[in-house]
Each structure stands twice: as structure tokens, then as C-alpha cells.
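In our numbering, the protein residues as written are 608 to 789.
C-beta: ideal position from N, C-alpha, C; glycine also.
Note sheet for the following structure.
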Ligand code: AMP
């Protein structure tokens, strides 16, 4: 767990937009955190703190906010970066997986040569809610034989059970702050 003061500062750096993109959702907007040099740096440092000094081959980021955080994390731990994208965006040979959204299914993809058997990978996104997106990403990485060392998120919405779902898949989860509800 991070310190109370840091948790408070991080929460302060995140903007909440009620009823976006639809009624009942509290959208946690991290663009304000990204624009705050101190908060951005601390968040990246804290995300990877348990794995500092370990050999990490790749950091996989989930489109789109996971690209910004994942790129910074990859730089920090001297690892390569792997984008996990929505269907139809990657130009080379891909592996893909369907994953569940609140209403229906979507597909995400990775280049088939973006990770290889035995690669030690950390997965990064801004927020975990139901865990459907991150679960799909873990399965894609495992399909290529990668070892998912951990999944890191700035924000957890524990009422939606995503972190628990990932832990059931034997993926250690690191989150920095949590908000109640949706
Ligand atoms: P889930 O698959 O339900 O865990 O949803 C996680 C994905 O949806 C992440 O990529 C988040 O960026 C996005 N997301 C879900 N809920 C919210 C929310 N309340 N505020 C901001 N982003 C969200």
C-alpha cells in the first residue's frame, strides 16, 4: 500500500466527471494527473516499486491510457514496450482475443512477435473495473508464452471485482488508490 499522504495527493490529481460517458458512471479522468509533473512521476515510480531491480523483458500497455503509463514504466525499468490494441489497428501478423465489456464483446490484438515464450512481462493500464479488459490482455500474453509477472493500475474500483478476478488467474495486482462504486 502507498502512504496516506501520497494516496491523498494522487486522488487530488485525478478529475472525476459524473455521468460520463453515460448516466451512473463516475469517469476517473487521469489527464489531470498526467499533466501534473510531480504526480505523474510519483505514480510511475510507485507502480513499479515492487519490481524495481528485477529483470523485466516487456511492459504491455492497454490502449489508450495504458500506452502513456506503460511507455513511462518501460523506460523506468529498462524494458521494451508492447501495445495491446483494439481490433484492426495493428499492421503486422496478430493474435487476437474477444473480451467482455459491460454490454457485449470486443476484440483486442497484439503482434504475434511482440512477446515470446518465457518473456517476463508487466501489464499496465490506468484503471481496473470489472477486469474484463485486463483478463483478455493476460490471456493474449499467455497465448504467446509470456510470463505475466504482475498487472499494475493507478486506480482500482474494488466493488467491480476486477483485481480479484486477475488474482484468481495467478496474476499479482498492484493498484495505488481505490474509489468506491462504478
Ligand atoms: P474493465 O474491463 O471493466 O476492467 O474496464 C477497464 C477499462 O475501461 C480501462 O481501460 C479503463 O480505462 C476503462 N474504464 C472503466 N471504467 C472506468 C471509469 N469509471 N473511469 C475511467 N475509465 C474507466
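Residue burial classification, residue i (beta-carbon count within 10 angstroms, cutoff 16)
| i | result |
| --- | --- |
| residue 706 | buried |
| residue 665 | buried |
| residue 732 | buried |
| residue 673 | buried |
| residue 635 | buried |
| residue 697 | buried |
Residue i and residue j closer than 7 Å at C-beta
| i | j | result |
| --- | --- | --- |
| residue 640 | residue 621 | yes |
| residue 717 | residue 764 | no |
| residue 753 | residue 669 | no |
| residue 759 | residue 774 | no |
| residue 722 | residue 751 | yes |
Rounded Cβ spacing between residue i and residue j (contact assumed at less than 8 Å)
| i | j | result |
| --- | --- | --- |
| residue 749 | residue 663 | About 16 Å separates the two Cβ atoms, so there is no contact after all. |
| residue 632 | residue 789 | 6 Å |
| residue 715 | residue 691 | 6 Å |
Identity of the residues DSSP links to residue i by a beta bridge
| i | result |
| --- | --- |
| residue 716 | 692 and 703 |
| residue 667 | 689 and 730 |
| residue 758 | 730 and 780 |
| residue 633 | 625 |
For residue i, the nearest candidate out of the options (CA to CA)
| i | options | result |
| --- | --- | --- |
| residue 729 | 667, 648 and 657 | 667 |
| residue 757 | 680, 789 and 697 | 680 |
| residue 724 | 737, 755 and 708 | 755 |
| residue 637 | 736, 630 and 618 | 618 |
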